[in-house]
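Student: Sharing a structure below in structure tokens format, with a few things to ask.
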Amino acid sequence: MTLIDGRAVAARHKAEIARETRALVARGVTPGLAVIIVGDDPASRVYVNNKKKDCAHCGLLSEEYALPDDCAQEELLTLIHTLNRRADIHGILVQLPLPAHLDEKAVLPAIDPAKDVDAFHPYNVGRIMIGDFDLVPCTPAGVMALLDAYGIEVRGRSCVVVGRSNIVGKPQAMLLLHRHGTVTLCHSRTENLADVTRRADILVAAVGKAGLITGDMVKEGAVVIDVAMNRGPDGRLVGDVRFDEAAARASHITPVPGGVGPMTRVMLLRNTLTAARRQCFPDEVCP
Ligand code: NAP
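Each residue of the sequence shown is one higher than the one before, counting from 676 in the working numbering.
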């Protein structure tokens, strides 16, 4: 069994992103990311701080806009429109979840799709659907990068994604499909979940229920990717997969923490770099 080391893979990606950023800076462009946080949700605060730290580490510019919990939707939209017009800001991210009085469905589409580094804008969602995209939701992109890092072939294999959220499960299924996986997308109404997961050569768990995926739900030799981040009763971070049981059957498995999480962070930097290149050097073919 191979333990998939997300921290090590993320460190390699970060080094590459730092190198590419230096090359862009030498051409007069510093990739810039604006992060908007509304309210004082402690988890969101940690995520935003990490994003700023990652940008600084790799040489990207980051700006934080902290709005009060009771800010009006108009105020948030005005800020987004201002950032849309700024030539030195290439990526805009609104930290989710938003307070209940703000309408995510109105806020996310206000971001210029070219600057939508979370890739949650309906335009970018559509591009992912048709397989013609350059900005990809960070978590599914991170999962794909982990598969690549370990030389795991997707083509022709049975891929089961558990969880169908717009930010993880659905785009994950699409990315696997574009790599020619045979994809099954499961959710809370899936009948006989264990029968489905047992057919998976590649199993991606993205539900948010600790212990949902037990060892007997894993096919012998499967690749098991645990996206979830749940707080256990002792406060420790755990995934959806019962790690020890699944590891006894898997060929590859991600730990939680230290698996998908670090890759999600790094993919935001990658998207910001891609967005900066597209905006500043539109005639160049970007990787
Ligand atoms: P979400 O929006 O709550 O979606 C959860 C999905 O799980 C839904 O599609 C739901 O089905 C499905 N589900 C619920 N109970 C189920 C069951 N018993 N059997 C099968 N499917 C079930 O969650 P999310 O935002 O996608 O996040 C999922 C997990 O990933 C969370 O733990 C989150 O913290 C974690 N996460 C991690 C990262 C990272 O960087 N590692 C990034 C993002 C999210 P229905 O659609 O039928 O309700």
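We treat Cβ as the ideally placed atom computed from N, Cα and C, and that holds for glycine. Predicted, not measured: the structure shown is a model, and the values here were computed from it.
#1: Cβ of Ala951 within 7 Å of Cβ of Pro788?
#2: Quick one: residues in its chain with C-beta nearer than 8 Å to the C-beta of Ala925, no 5 flanking neighbours on either side, listed in chain order?
#3: List the endpoints of the continuous beta strand (DSSP E) containing Leu944.
#4: Report the option in Leu822, Arg945, Arg911 whose CA atom is closest to the CA atom of Gly664.
#5: Can you say whether Tyr825 is buried or exposed, counting buried as having 16 or more other CB atoms within 10 angstroms of its CB?
#6: Are there any heavy atoms of the ligand FMN lying less than 6 Å away from the beta-carbon of Gly856, as far as the coordinates show?
#7: On the DSSP letters alone, give me the boundaries of the beta strand (DSSP E) that Glu866 sits inside.
#8: Tell me the DSSP secondary structure of Ser719 in three-state form.
#9: What number of angstroms, rounded off, separates the C-alpha of Ala820 from the C-alpha of Ala781?
#10: Tell me whether the beta-carbon of Asp915 lies closer than 7 Å to the beta-carbon of Val882.
#11: Taking the C-alpha atoms as reference points, what is the distance between Pro797 and Asn841?
#12: Going by Cα to Cα distance, which pick from Ala923, Glu750, Cys834, Glu739 is closest to Asn724?
#13: Looking at Ile764: is its Cβ nearer than 7 Å to the Cβ of Ala785?
#14: Which term fits His927, buried or exposed, when burial requires 16 or more other beta carbons within 10 angstroms of its beta carbon?
#15: Can you tell me which of Val837, Lys845, Leu783 puts its alpha carbon nearest to the alpha carbon of Leu868?
#16: In terms of alpha-carbon separation, which member of Thr814, Arg839, Val843, Ala848 lies closest to Val829?
#17: Please name the residue, chosen from Arg874, Gly801, Arg832, that lies closest to Lys845 on a Cα-to-Cα basis.
#18: State the CB to CB distance for the pair Ala685 and Arg940, rounded to an integer number of angstroms; the pair is presumed to be in contact (CB under 8 Å).
#19: With hydrogens ignored, establish whether the beta-carbon of Gly886 is closer than 6 Å to any heavy atom of the ligand NAP.
#20: Starting from Leu754, trace the alpha helix (DSSP H) both ways and give me its first and last residue.
#21: Once you ignore the five residues that flank Phe808 on each side, which residues in its own chain have a CB closer than 6 Å to its CB?
#22: Pull up the CB-CB distance for Leu768 and Leu708, whole angstroms please, since I reckon it's below 8 Å.
#23: Please name the residue, chosen from Val960, Leu943, Asp958, that lies closest to Lys790 on a Cα-to-Cα basis.
Tutor: Reading from the atomic positions:
#1: Against the sequence shown, residue 951 aligns to sequence position 276. Against the sequence shown, residue 788 aligns to sequence position 113. Cβ atoms of Ala951 and Pro788: not closer than 7 Å.
#2: Residue numbering aside, residue 925 sits at position 250 when the sequence shown is read from its first letter. For Ala925, where only same-chain residues beyond five positions count, the Cβ hits under 8 Å are Met676, Val893, Gly896, Ala897, Val898, Val899.
#3: Here residue 944 refers to the residue found at position 269 when the sequence shown is read from its first residue. Counting along the chain, Leu944 falls outside any beta strand (DSSP E), though it belongs to the alpha helix (DSSP H) covering 935-955.
#4: The requested residue 664 is not part of the displayed model; the chain covers only 676 to 962.
#5: What you label residue 825 is simply residue 150 of the sequence shown in a count that begins at 1. Answer is exposed; the Cβ neighbour count stays below 16.
#6: The ligand FMN is not part of this structure, which contains only the ligand NAP.
#7: Translated into positions along the sequence shown, residue 866 becomes position 191. Unbroken run through Glu866: none, as it is neither H nor E.
#8: On the sequence shown, residue 719 is found 44 positions in, with the first residue counted as 1. The answer is helix: DSSP assigns Ser719 an H, G or I state.
#9: For the purposes of this step, residue 820 is taken as residue 145 along the sequence shown, with counting starting at 1. For the purposes of this step, residue 781 is taken as residue 106 along the sequence shown, with counting starting at 1. Near 31 Å, if we compare the C-alpha coordinates of Ala781 and Ala820.
#10: Within the sequence shown, residue 915 is the residue found at index 240, counting from 1. Within the sequence shown, residue 882 is the residue found at index 207, counting from 1. Contact flag set, yes.
#11: Residue numbering aside, residue 797 sits at position 122 when the sequence shown is read from its first letter. Residue numbering aside, residue 841 sits at position 166 when the sequence shown is read from its first letter. As the crow flies, the alpha-carbon of Pro797 is around 10 Å from that of Asn841.
#12: What you label residue 724 is simply residue 49 of the sequence shown in a count that begins at 1. Out of Ala923, Glu750, Cys834, Glu739, Glu739 has the C-alpha closest to the C-alpha of Asn724.
#13: To locate residue 764, count along the sequence shown from 1; it is residue 89. To locate residue 785, count along the sequence shown from 1; it is residue 110. Not closer than 7 Å, so no.
#14: Here residue 927 is taken as the residue at index 252 of the sequence shown, counted from 1. By the 10 Å Cβ count, His927 comes out buried.
#15: Along the sequence shown, read from residue 1 onward, the residue named residue 868 stands at position 193. Selected option, being the one with the closest Cα: Val837.
#16: Counting from one through the sequence shown, the residue named residue 829 turns up at place 154. Checking every option, the nearest Cα to that of Val829 belongs to Ala848.
#17: Taking the sequence shown and counting its residues from 1, the one referred to as residue 845 is at position 170. Taking only the C-alpha atoms, the option nearest Lys845 is Gly801.
#18: Here residue 685 refers to the residue found at position 10 of the sequence shown. Here residue 940 refers to the residue found at position 265 of the sequence shown. Separation of the CB atoms of Ala685 and Arg940 is rounded to 7 Å, and the pair is thereby assigned contact status at 8 Å.
#19: On the sequence shown, position 211 is the one that residue 886 refers to. Checking every heavy atom of the ligand NAP against the Cβ of Gly886, none is found closer than 6 Å.
#20: Reading the sequence shown from its first residue, position 79 is the one you call residue 754. From DSSP, the alpha helix (DSSP H) with Leu754 extends over 748-760.
#21: Position 133 of the sequence shown holds residue 808. For Phe808, where only same-chain residues beyond five positions count, the Cβ hits under 6 Å are Arg802.
#22: Looking up residue 768 in the sequence shown gives position 93. Looking up residue 708 in the sequence shown gives position 33. Indeed, because the Cβ distance is near 7 Å, the residues count as touching under 8 Å.
#23: Residue 790 sits at position 115 when you count from the first residue of the sequence shown. Comparing Cα positions, the closest option is Leu943.
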